[in-house]
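Asks: Submitted below is the structure of interest, expressed as structure tokens.
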Amino acid sequence: MIVFLKSDTSHQRAQELASSAEAFLISGPDGFVLINSSSVKTLAPQLEAHTRDFIVFADDLQLGSKKYQSQTREISFGSFSIGGNTGNTVVMSGPCSVESKAQIESSAGLVQELGLKVLRAGAFKPRTSPYTFQGLGTEGLALLSEMRERFGLTIISEIRDGSHVADVIAHADILQIGAKSMYDHAILKACGKSGKPVLIKRGFGTTLQEFVQAAEFVLSLGNPNVMLCERGIRSFETKTRFTLDLCGVAWLKEHTNFPIVLDPSHAMGYAYGVPDLARACVAMGVDGLLIEVHPEPGKALSDASQQLNHSEFRQLIASLHPIATAVGKRIC
Ligand code: PEP
Ligand code: MN
């Protein structure tokens, strides 16, 4: 249940009410808001005098639901935003991993040249083998910060585990929670407390309900800046790396208020399929795309098979503009 307290309720009173009702307390656009489990269906008697309105839910998709907020939430990255009425389809692109200064400079230059605003790259990589490149760690984060200063780009990078949460929060403008870590409550809660924009990637065996409830962990701690990213789920198919769940995206657009970002690179696993999939995603009117691009994909230290080269990426971006225009969106 979500309870909207009357706008003249003081912070101290709101805190007292939250603790007596064992509810989360956040600050909404029109005053304080209390959130209980969706199993609570009736208003606690002590809240009655202070309540302006309340909503009862069938399940724990609450703050992230269309019932709570009918319009897609708008998340600001400083000089531009995603979601809301912006009409933006924000392309977050760059290599899978930061590998060297020369490599990330080349990627940042490409992103800037194409008029895009967000540079993506992992410094802490969640690999399926302990024997492969695990990322440059804090050195990678420092390189990303340098690219932000020199190229004026917004940086998204992943928090892999609890050992470096504070480091990524300090360096990245957007915090990425990966498919393999989206159940990690310490990461979700740290992101919730940080207040920074957070992009949560769907685990490859994660139901839509589990996905949105992971996002509720961040929202319930007072951070409204959450985006969801569909990056492919595991099916019986083995010819492609994963299966991009566009039906799931349609469900998220209908029932939730999160900006939706699509990642065709990790879904497909092979560069040849990424441009067609990216165009299909833009045609769905999504809020963002996450695409891996590398100066020399064949030499990439992670996800080599799926990264576009610079010339493929330039062609892809050129082809996305008219599709975005046709669905009332703008690539940026
Ligand atoms: C990534 O974005 O580089 C990544 C590791 O993605 P995922 O968590 O979706 O596997
Ligand atoms: Mn990758």
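Residues in the sequence shown are numbered consecutively from 13, following my numbering. Ideal Cβ positions, reconstructed from N, Cα and C, are used throughout, including at glycine.
#1: Rounded to whole angstroms, what's the CA-CA distance from Y284 to G43? Just pull it up for me.
#2: Is there at least one non-hydrogen atom of the ligand MN closer than 7 Å to the beta-carbon of E117?
#3: Less than 7 Å between the CB of P138 and some heavy atom of the ligand PEP, yes or no?
#4: Using only the heavy atoms of the ligand MN, determine whether one of them is closer than 7 Å to the beta carbon of S314.
#5: Using a Cβ-Cβ cutoff of less than 6 Å, which residues in the same chain neighbour R160 once the five nearest sequence positions on both sides are dropped?
#6: Buried or exposed: V294, going by 16 or more other Cβ atoms within 10 Å of its Cβ?
#7: With DSSP as the reference, label G260 as helix, strand or coil.
#8: Measuring straight from C-alpha to C-alpha, what distance separates G300 and T268?
#9: Looking only at its own chain, which residues have a Cβ that is under 6 Å from the Cβ of F145, when we skip the five neighbours before and after it?
#10: I need the straight-line Cα distance from G234 to G310, nearest angstrom please.
#11: Going by the C-beta, is E170 closer than 7 Å to any heavy atom of the ligand PEP?
#12: For F163, which residues from the same chain have a beta carbon less than 6 Å from its beta carbon, with the 5 sequence-adjacent residues on both sides left out?
#13: If you measure between the beta carbons of G76 and T84, is that distance less than 8 Å?
#14: Short of 8 Å in beta carbon distance, which residues of its chain neighbour S232, apart from the five on each side in sequence? Order them along the chain.
#15: Would you check whether the ligand NAP has a heavy atom nearer than 7 Å to the C-beta of H306?
#16: Hey, could you find the ends of the alpha helix (DSSP H) I116 is sitting in?
#17: Comparing the CB of C293 with every heavy atom of the ligand MN, is any distance shorter than 7 Å?
#18: In the DSSP assignment, find the unbroken alpha helix (DSSP H) run with D179 in it and report its ends.
#19: Do the stretch 196-215 and the stretch 167-183 make contact, defined as three or more Cβ pairs closer than 8 Å?
#20: With hydrogens ignored, establish whether the beta-carbon of C108 is closer than 7 Å to any heavy atom of the ligand MN.
Replies: In this structure, then:
#1: 50 Å
#2: no
#3: yes
#4: yes
#5: I167
#6: buried
#7: helix
#8: 16 Å
#9: L313 and S314
#10: 43 Å
#11: yes
#12: A120 and Q124
#13: no
#14: F36, I38, I47, L75 and G204
#15: With respect to the ligand NAP, the structure offers nothing, as its ligand set consists of the ligand PEP and the ligand MN.
#16: K113 to E125
#17: no
#18: V177 to H183
#19: yes
#20: yes
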